[in-house]
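If you're matching positions, the sequence shown starts at 780 in our numbering and goes up one per residue.
One structure below.
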Amino acid sequence: MTVTHPTSPPTRPDGKLPEDRRHMLRRRWLTAIIIVLLVGIPAGYLVISAGQSRASGRDKERESSVVGLQDNRPSLMKRRIYEIPIPSDAWHVAYYETSNWKTSRLYVQFTTTAAGLDAYLHDSGTSRAALTPGDVTIGSRDAGIVGWDFRPDHDWSGTTVTREKPRPTSDITVNLTDPAFPRVYVVSTTSP
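Right, dumping it as structure tokens:
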């Protein structure tokens, strides 16, 4: 009995040659890499996004749970919303925000130079000439919320900047006891 060896590799019914082992392994590796990339990249993005969202939520929770003034500058977004342009050379900056369904307020205090006060008042839409000597424009209710005490033994001046709705109204009171380094107190109120 003799066995004949075919001279050419067997073919499939569709006329193609069967896949050799090396080609099959290469194809499976390529498929596995594509699947890992298609699943891994979106999954990695979701993990990173969830971490950032969680951190942002914690920051907002920490900020909203604060009672009273925070020793820091309000965010640029808050300064734009409430139209409070804090001078870049200001120090001892602190703020507090309250919000409910009908009114939102941002309380800000800072110390600046005489030139910084002029720049602040100009950027707020008013001037030093609009400050009324002896006038404390911030009401006792608002002052009590953040613990401000406008004692009569200081040189106070104040003004109110009224803007067309829905833009905020700003009550500005300035302690000019030391005119070279005035202390500014602002309550900006907006109603949506």
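Idealized CB from N, CA, C, for every residue including glycine.
Just so you know, these numbers come straight off a predicted model, no measurement behind them.
Membership of H871 in the beta strand (DSSP E) is indicated by the continuous run 870-878. By the neighbour-count criterion, in which a residue is buried when 16 or more other Cβ atoms sit within 10 angstroms of its Cβ, S949 is buried. Rounded to the nearest whole angstrom, the CA to CA distance from T956 to T882 is 32 Å.
Take the alpha-carbon of P797 and the one of T810: they are about 19 Å apart. Pairwise C-beta distances place the segment 814-829 out of contact with the segment 850-862, as fewer than three of them are shorter than 8 Å.
Counting only unbroken stretches of 4 or more residues, the alpha helix (DSSP H) elements lying wholly within the segment 883-921 are 893-902, in sequence order. For I860, the enclosing alpha helix (DSSP H) starts and ends at 855-861. Note: Y824 is not bridge-paired with any residue in the DSSP secondary-structure output. Each residue's CA atom was taken as its position, placing N851 and G819 some 40 Å apart. DSSP lists L885, S949 as the bridge partner or partners of S967.
Closest option to T968, judged by alpha-carbon separation, among I813, S832, I951: I951. Rounded to the nearest whole angstrom, the CA to CA distance from D921 to S903 is 20 Å.
Contact between D868 and T891 holds: CB atoms are separated by about 6 Å, below the 8 Å threshold.
Taking the Cα positions, S878 is about 33 Å away from P958.
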